[in-house]
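Student: I'd like to ask some things about the structure below.
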Amino acid sequence: MPRYFTTPLSTARLILRRLQPDDATALQRYRARPDVARYQSWETYTMADASTMIAAMAEAEPGVAGTWFQLAIVEQTSGALVGDCGLHCSGEDDRLMELGITLAPEAQGRGYAGEALTAVIAFLFTQLAKHRICAVTDAENTAAIALFRRLGFRQEATFIEHLWFKGRWSSECVFALLRAEWSQPHATGPIN
Numbered sequence: 079m080p081r082y083f084t085t086p087l088s089t090a091r092l093i094l095r096r097l098q099p100d101d102a103t104a105l106q107r108y109r110a111r112p113d114v115a116r117y118q119s120w121e122t123y124t125m126a127d128a129s130t131m132i133a134a135m136a137e138a139e140p141g142v143a144g145t146w147f148q149l150a151i152v153e154q155t156s157g158a159l160v161g162d163c164g165l166h167c168s169g170e171d172d173r174l175m176e177l178g179i180t181l182a183p184e185a186q187g188r189g190y191a192g193e194a195l196t197a198v199i200a201f202l203f204t205q206l207a208k209h210r211i212c213a214v215t216d217a218e219n220t221a222a223i224a225l226f227r228r229l230g231f232r233q234e235a236t237f238i239e240h241l242w243f244k245g246r247w248s249s250e251c252v253f254a255l256l257r258a259e260w261s262q263p264h265a266t267g268p269i270n
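For the sequence shown, position 57 matches number 135 in our numbering, and the numbering has no gaps at all.
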């Protein structure tokens with residue numbers, strides 16, 4: 079399999095790189111928090127979960143049909159893991175991508191999500207020549223909804239109470255961005 083992700087992405091404040099075994103403790107620590115897991119698919123997150131994901135990502139590549147690829151989000155100045163970004167390539171058409179992001183609470187509200195996703199979007203459109211990127215978020219996740227709008231995504235749908243999620247009916251918003259619609263001015267920080 080060709081290696082698509084060989085060089086980390088860097089922004090003004092962040093490095094997006096492959097997850098490494100040393101990331102397990104920090105990854106588990108923030109993903110295990112109920113406030114972080116609130117809109118995510120997991121309820122609990124153990125060290126075994128973190129280690130399993132890191133091991134699976136060692137040989138994974140972004141843009142491979144039917145797979146997820148998880149990137150570490152690291153502060154440049156401290157070297158601390160502050161989050162992770164998931165890239166899902168559709169099993170039906172490898173030109174279609176879905177993305178998601180998880181940040182540690184101490185990294186939230188600092189513009190890191192926009193900065194990281196701007197770099198990822200540029201990578202997907204320019205390096206992997208993807209046609210369309212979508213994001214799905216809980217309709218109550220107002221921070222994520224605002225983020226995708228700031229990044230130039232259009233809201234294509236709101237599915238009302240269509241998913242039984244964590245003991246209740248949940249609504250989801252779907253956002254999308256086409257390569258033809260994307261432009262550099264949405265950047266929230268310089269990308270190297």
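For every residue, glycine included, the Cβ atom is placed at its ideal position computed from N, Cα and C. Remember, it's a predicted structure, so these values are computed and weren't measured experimentally.
1) From what residue to what residue does the alpha helix (DSSP H) around Asp113 run?
2) Please classify Phe83 as buried or exposed, where buried requires at least 16 other C-beta atoms within 10 Å of its C-beta.
3) Should Ile211 be labelled buried (16 or more other beta-carbon atoms within 10 Å of its own) or exposed?
4) CA-CA distance, Val142 and Gly192?
5) For Ser261, which of Cys251, Phe201, Ala213, Glu218 has the nearest alpha-carbon?
6) Contact defined as beta carbons within less than 8 Å: I believe Ile93 pairs with Gln154. What is the distance between those atoms, to the nearest angstrom?
7) Provide the residue span of the alpha helix (DSSP H) that contains Glu139, from first to last.
8) Which residues in the same chain have their Cβ closer than 6 Å to the Cβ of Ala158, if we skip the five residues on either side of it in sequence?
9) If you scan the region 218–257 from start to end, which runs of the beta strand (DSSP E) of 3 or more residues do you find wholly inside it?
10) If you draw a straight line from the alpha carbon of Leu256 to that of Pro99, how long is it in whole angstroms?
11) Quick check on the burial criterion: 16 or more other C-beta atoms within 10 angstroms. Buried or exposed for Ile269?
Tutor: Taking the coordinates as given:
1) 112–115
2) buried
3) buried
4) 24 Å
5) Phe201
6) 6 Å
7) Careful: Glu139 lies outside any alpha helix (DSSP H) and carries neither H nor E.
8) none
9) 232–243, 246–256
10) 34 Å
11) Low local confidence applies: a pLDDT of 40 at Ile269 is under 50, so the model's placement there is unreliable, with the coordinate-based value given in what follows. Ile269 should be labelled buried.
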